[in-house]
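Asks: A single structure is presented below for examination.
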Amino acid sequence: MRLAFLPVLCLATLSALAGCDAPGATELKPSGSNSREQSPSANYPEGNPDSENTTSPAQKPEVLIIGDSMMQFGIGPALKSDLQKKGYRVVYYVQKSTGLTWTHFFDWQHKSEELLAEGDFEAIVVMLGSNDGRWLKYQGKRLEYGADVELWWQQYSLRFDEFFGRLCHETTRVYWVGMPPMKPQGYHSKTRLFNAFYEQKIRGSGCGKYIATDYLSKERPVRWSDGIHVSNSGGRTVAERIQQATGL
1 MRLAFLPVLC LATLSALAGC DAPGATELKP SGSNSREQSP SANYPEGNPD SENTTSPAQK
61 PEVLIIGDSM MQFGIGPALK SDLQKKGYRV VYYVQKSTGL TWTHFFDWQH KSEELLAEGD
121 FEAIVVMLGS NDGRWLKYQG KRLEYGADVE LWWQQYSLRF DEFFGRLCHE TTRVYWVGMP
181 PMKPQGYHSK TRLFNAFYEQ KIRGSGCGKY IATDYLSKER PVRWSDGIHV SNSGGRTVAE
241 RIQQATGL
């Protein structure tokens, strides 16, 4: 279902670059299964995620953690471990090289429906976008990515609205983790653009919260040698900040 989208940002100053992963998927399977279907909402539910009372960990609330390779290494494992120690039931699913653009390669719209059927989630933590600066299919043809290609951003905005709206139909506590600073300068510029897009969209949605990671160094020991992915020590730092920001 197509949802209303906010005006896109001014995009003329940044150049188009490829994503950080090469296609070739690896997944960590979530535990449990259920056939319950979850449909996207036509509008984001109203609500302030920070105003809700958190459930006692003794009641074993459920948290969904999803993302690409930025969530797969460092951040995701640390966050999952911390939440499980607190008594949360965690469904954790990551798929490298994925995003909201190449639906022929991996469809997060469909997969999110399957994952939401796994439980009744009190909170959802998402980290996507590192692979989305590339062409997407539009009217049967390739629509090439560009920082200033308005039609591309309009179509991407529709995909984001559908995906984020579906998560917000499950809970208003949807937390979107921004991408940290990147060592490759061109890639850093591109990910700043996507971060600004996500932050603007979420702020105007009435649902969820954007969590920045701009504090993280581009260098070891908190990053891999590629200056993109987050190491185990860096992941622990980000996981702690996520818990502080969300109250989980």
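Numbering-wise (the working numbering), the sequence shown opens with residue 1 and increments by one.
Backbone N, C-alpha and C fix where the C-beta goes; we use that ideal spot for every residue, glycine too.
Bear in mind that the values here come from a model prediction, so they are computed numbers and not experimental data.
Could you check what DSSP says for Val238 in three-state terms: helix, strand or coil?
Replies: Helix.
Asks: Closest by CA to Gly178, which one among Lys86, Asn195, Phe105?
Replies: Considering only alpha carbons, the answer is Asn195.
Asks: On the CB-based measure, 16 or more other CB atoms within 10 Å of its CB, does Ser233 come out buried or exposed?
Replies: Label assigned to Ser233: exposed.
Asks: Here's the rule I'm using: 16 or more other beta-carbon atoms within 10 Å means buried, otherwise exposed. How should Tyr138 be labelled?
Replies: Looking at its Cβ environment, which holds fewer than 16 other Cβ atoms inside 10 Å, Tyr138 is exposed.
Asks: Where does Met179 fall in DSSP's three states?
Replies: Note: Met179 maps to coil in three-state DSSP.
Asks: Spell out a yes or no on whether the stretch 77-89 and the stretch 138-150 are touching, meaning 3 or more CB-CB pairs, one atom from each, closer than 8 angstroms.
Replies: Flag = no, the stretch 77-89 and the stretch 138-150 do not touch.
Asks: Residues in the same chain with beta-carbon distance under 6 angstroms from Asp235, minus the five sequence neighbours each way, listed in chain order, please.
Replies: Going by the sequence as given, residue 235 is Gly instead of Asp. So the qualifying residues of the chain are Gly74, Ile75, Ala78.
Asks: Buried or exposed for Asp161, going by 16 or more other Cβ atoms inside 10 Å?
Replies: Asp161 comes out buried.
Asks: Which residue marks the beginning of the beta strand (DSSP E) containing Ala123, and which one marks its end?
Replies: Looking at the DSSP string, the run of the beta strand (DSSP E) that includes Ala123 is 121-127.
Asks: Assuming Ile66 is part of the beta strand (DSSP E), what are its boundary residues?
Replies: From DSSP, the beta strand (DSSP E) with Ile66 extends over 62-67.
Asks: Just checking my contact of Pro221 with Ser231 at CB under 8 angstroms: how many whole Å lie between their CB atoms?
Replies: So it is a contact: roughly 6 angstroms between Cβ atoms.
Asks: Taking Tyr187 as the reference, give the member of His169, Lys218, Ile211, Lys209 with the closest Cα.
Replies: Minimum Cα distance to Tyr187 is reached at Lys218.
Asks: How big is the Cα-Cα spacing for Gln95 and Met127?
Replies: Going by the C-alpha atoms only, they are around 11 angstroms apart.
Asks: Just the Cα atoms here: how many angstroms apart are Glu114 and Thr172?
Replies: Approximately 19 angstroms, taken between the alpha carbons.
Asks: Hey, would you say Asp226 sits closer than 7 angstroms to Asn131, going by beta carbons?
Replies: It is not a contact, given that the beta carbons lie outside the stated cut-off.
Asks: Can you give me the C-alpha to C-alpha distance between Tyr210 and Ser81, rounded to a whole angstrom?
Replies: Taking the straight line from one Cα to the other gives about 22 angstroms.
Asks: In terms of DSSP beta bridges, what is Ile211 paired with?
Replies: DSSP output for Ile211 lists Val177 as bridge partner(s).
Asks: Cα separation between Leu167 and Gly133?
Replies: Approximately 22 angstroms, taken between the alpha carbons.
Asks: What are the partner residues of Arg89, as DSSP defines its beta bridges?
Replies: Beta-bridge pairing links Arg89 to Glu62.
Asks: Taking just the CA atoms, how far does Phe163 sit from Asp107?
Replies: Their backbone Cα atoms lie some 10 angstroms apart in a straight line.
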